[in-house]
Amino acid sequence: MKIKSIIGVTIVTFLFLVSCVQKEHEKTVTFKVNMGQEQNVQNVGLRGQFTNPSWEVTIPMSDENGDGIFEVTLNEMTAQNSVTFKFVKNNDEFELQDLPNRLIRFKYRPEVIIYEGMFDNTNGKQKDIQ
228 MKIKSIIGVT IVTFLFLVSC VQKEHEKTVT FKVNMGQEQN VQNVGLRGQF TNPSWEVTIP
288 MSDENGDGIF EVTLNEMTAQ NSVTFKFVKN NDEFELQDLP NRLIRFKYRP EVIIYEGMFD
348 NTNGKQKDIQ
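When the letters of the sequence shown are read in order and numbered with our numbering, they come out as residues 228 to 357.
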């Protein structure tokens with residue numbers, strides 16, 4: 228009798244876990260950061276929980292048109308509902324020291340998002356395009 232109840236609980240637990248797995252959706256996010264107020268900018272990057280290993284790899288950003296706004300577009304299949312990150316200047320100068328990380332919230336569907344912010348200013352904004 229004990230074996231049957233253990234097996235029954237195991238099957239119920241397995242079915243619950245399998246049914247809770249969310250489907251991955253494609254997320255395309257363009258990150259933009261205005262560096263116009265910053266001095267001695269040699270390079271700009273992005274770090275967050277989405278790199279491997281998490282928070283240890285800098286994704287380079289570029290300013291192709293020389294307007295002081297650096298950007299990069301990332302594309303990922305994910306079931307996550309949010310992602311945290313910070314902009315980085317000159318490889319090791321993290322913005323928003325001792326403040327919470329920036330956050331993008333995802334919806335449960337494919338999305339195209341633009342995130343715009345100013346370096347070391349907490350007033351960033353997320354715009355959903357799709």
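Quick reminder that beta carbons are idealized off the backbone N, C-alpha and C, glycines included.
query	result
By Cβ distance, which residues of its chain are closer than 7 Å to residue 347, with the 5 residues on each side in sequence left out?	322, 323
Ends of the beta strand (DSSP E) at residue 340?	338-345
Measuring alpha carbon to alpha carbon, tell me which of 313, 281, 293 ends up nearest residue 325.	313
So is residue 344 buried or exposed if we call it buried at 16+ other beta carbons inside 10 Å?	buried
I'd like to confirm the pairing. Which residues does DSSP put opposite residue 261 in its beta bridges?	296, 345
Using the C-alpha atoms, what's the distance from residue 306 back to residue 229?	Low local confidence applies: a pLDDT of 48 at residue 229 is under 50, so the model's placement there is unreliable, and no value is given.
Report the CB separation of residue 300 from residue 275 in whole angstroms; it is logged as a contact under 8 Å.	That pair is no contact at about 14 Å.
Can you tell me which residues form a DSSP beta bridge with residue 205?	Because the chain is modelled from 228 through 357, residue 205 falls outside the range shown and cannot be assessed.
Identify the residues that DSSP records as bridge partners of residue 330: which are they?	311
To the nearest angstrom, how far is it from the Cα of residue 270 to the Cα of residue 251?	33 Å
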